[in-house]
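**Student:** Add 3 to the 1-based position in the sequence shown for the numbering used here, that's all there is to it. Yeah, the Cβ is synthetic: ideal placement off N, Cα and C, and Gly gets one too. What you are looking at is a predicted structure, and each value in this text was computed from that prediction instead of being measured. Input: one structure, supplied below.
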Amino acid sequence: MEDTIEPPDGAERGQAQVLEDRRFVMTFKPLVEFLGKVYGPMTEVALHDASQPNSSIVAIANGHVSGRGLGAPATDLMLRILGRGEAENRDYLVGYAGHSANSATPLVSSTFFIRRQGRIVGMLCINHDQTALSRLSQAVGEVRQAYFPLSTEMPPAADASTVEAPSSSVPPAVASEFPSSPSRINHASAVGSAAEEENLSLSVEDMAQRVVNEAVSSTGRELSRFSLDERMGVIRELDASGYFLLKGSISSIAGLLDVAESTIYRYLQQSRKR
4 MEDTIEPPDG AERGQAQVLE DRRFVMTFKP LVEFLGKVYG PMTEVALHDA
54 SQPNSSIVAI ANGHVSGRGL GAPATDLMLR ILGRGEAENR DYLVGYAGHS
104 ANSATPLVSS TFFIRRQGRI VGMLCINHDQ TALSRLSQAV GEVRQAYFPL
154 STEMPPAADA STVEAPSSSV PPAVASEFPS SPSRINHASA VGSAAEEENL
204 SLSVEDMAQR VVNEAVSSTG RELSRFSLDE RMGVIRELDA SGYFLLKGSI
254 SSIAGLLDVA ESTIYRYLQQ SRKR
């Protein structure tokens, strides 16, 4: 009697699919080194595996731009997009503002979504360091103002309602080529960007700490003096960013807020009911 081969169960099929997804994502790895050399040392190129958000970067070139390396976690933008699932129908995002982990490096970022069987299984991300261009833009503005100062006084006969005061000392042609910061990028015209922003984190703890620091800054109070509503606000912000898709996220934020993990679960449930 011939042995029968049992079909794989759901768990085995799911595991096999994840492995195939990972192999597919890794076929893009040669592009990372190639694009890193094409763009040069001021541009970071990172390949993300969506199946492992806690350590999603599987290949990276010029990681010094953001300070990240292999095994760094997914960004908040990546987590938000993965949370949308099939509702995310764009193929890529171009020219949105990115922020490095220490927020010291202004970035202009673009992301290509890697799909397999209609699902986003990875992302190829390009982050341009704008520091040098920002300095150049500032220098051009200073030279422009020194040699061709713009008067802020209206001519006596002019109708103020029809005169547009200059918004910058940098000529428009120069400003368009050398934006002083990512915030000056025209998000509306950036193909597929939808005015997205992205925060690059070094770890799960780093992502939580950033949101907590922003909350402390906005309230002007120490974390230990936060009200229940303010703590709930932190949880809502983290939940909206996709933070709780990461393993270890509950324990990390519980430690920062100095509460029990069960309290975080309760906050999360209450937040999602609203």
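Looking at Asp79: is its Cβ nearer than 7 Å to the Cβ of Asn202?
**Tutor:** Position 76 of the sequence shown, counted from the start, is the residue given in the question as residue 79. Position 199 of the sequence shown, counted from the start, is the residue given in the question as residue 202. Taking C-beta atoms as the reference points, Asp79 and Asn202 count as a pair closer than 7 Å.
**Student:** Would you kindly check if the distance between the Cβ of Ala62 and the Cβ of Leu50 is under 7 Å?
**Tutor:** Mapped onto the sequence shown, residue 50 falls at position 47. Mapped onto the sequence shown, residue 62 falls at position 59. Contact flag set, yes.
**Student:** Would you identify the three-state DSSP class for Tyr270, choosing helix, strand or coil?
**Tutor:** Along the sequence shown, one-based indexing puts residue 270 at 267. Of the three classes helix, strand and coil, the one that applies to Tyr270 here is helix, per DSSP.
**Student:** By DSSP, does Gln20 sit in helix, in strand, or in coil?
**Tutor:** To locate residue 20, count along the sequence shown from 1; it is residue 17. If DSSP states are grouped into helix, strand and coil, Gln20 belongs with the helices.
**Student:** For the segment 26–87, list the beta strand (DSSP E) runs that are entirely contained and at least 3 residues long, ordered along the chain.
**Tutor:** 46–52 and 60–64
**Student:** Looking at the strands, I want to know which residues DSSP matches up with Leu241.
**Tutor:** Here residue 241 refers to the residue found at position 238 of the sequence shown. DSSP, once it has assigned bridges, lists no residue as partnering Leu241.
**Student:** Is it right to say Asn216 is buried, meaning 16 or more other beta carbons lie within 10 angstroms of its own, or is it exposed?
**Tutor:** The count along the sequence shown starts at 1 and reaches residue 216 at position 213. Flag for Asn216 reads exposed.
**Student:** Taking the C-alpha atoms as reference points, what is the distance between Asp261 and Cys128?
**Tutor:** Here the question's residue 261 lines up with position 258 in the sequence shown. Here the question's residue 128 lines up with position 125 in the sequence shown. Using only the alpha carbons, I get a separation of about 35 Å.
**Student:** Measure the alpha-carbon distance for His190 versus Tyr42 and round it to whole angstroms.
**Tutor:** Here residue 190 corresponds to residue number 187 of the sequence shown, with the count starting at 1. Here residue 42 corresponds to residue number 39 of the sequence shown, with the count starting at 1. At His190 the pLDDT is 37, less than 50, meaning the model places this residue with poor confidence; the figure from the coordinates comes in the next sentence. If you take the alpha carbons of His190 and Tyr42, they lie about 22 Å apart.
**Student:** According to DSSP, is Asn216 part of a helix, a strand, or is it coil?
**Tutor:** In the sequence shown, counting from the first residue as 1, residue 216 sits at position 213. Asn216: helix per DSSP, three-state reduction.
**Student:** Can you say whether Pro56 is buried or exposed, counting buried as having 16 or more other CB atoms within 10 angstroms of its CB?
**Tutor:** As a first step, residue 56 must be located in the sequence shown, where it is residue number 53. Flag for Pro56 reads buried.
**Student:** Tell me, which residues are paired with Ala100 by DSSP?
**Tutor:** Taking the sequence shown and counting its residues from 1, the one referred to as residue 100 is at position 97. Note: Ala100 sits in a beta bridge opposite Val111 and Glu200.
**Student:** Look up Ile123 in the DSSP assignment and give the residues it is bridged to.
**Tutor:** Here residue 123 corresponds to residue number 120 of the sequence shown, with the count starting at 1. DSSP lists Arg118 as partners of Ile123.
**Student:** Smallest Cα separation from Leu96: which of Val219, Gly223, Glu199 and Val207?
**Tutor:** Walking along the sequence shown from the start, residue 96 turns up at place 93. Considering only alpha carbons, the answer is Glu199.
**Student:** Restricting to Cα atoms, I'd like to know which of Ala77, Val237 and Leu205 is closest to Ala218.
**Tutor:** Locating residue 218 in the sequence shown gives position 215, counting from the first residue. It is Val237 whose Cα lies nearest to the Cα of Ala218.
**Student:** Between Arg228, Ser254, Glu145 and Ser137, which lies nearest to Val111 when the distance is taken from Cα to Cα?
**Tutor:** Taking the sequence shown and counting its residues from 1, the one referred to as residue 111 is at position 108. The residue with the shortest Cα to Cα distance from Val111 is Ser137.
**Student:** Can you find a C-beta in chain C that's less than 7 Å from the C-beta of Lys250?
**Tutor:** Reference to chain C is not applicable here, since this structure consists of a single protein chain.
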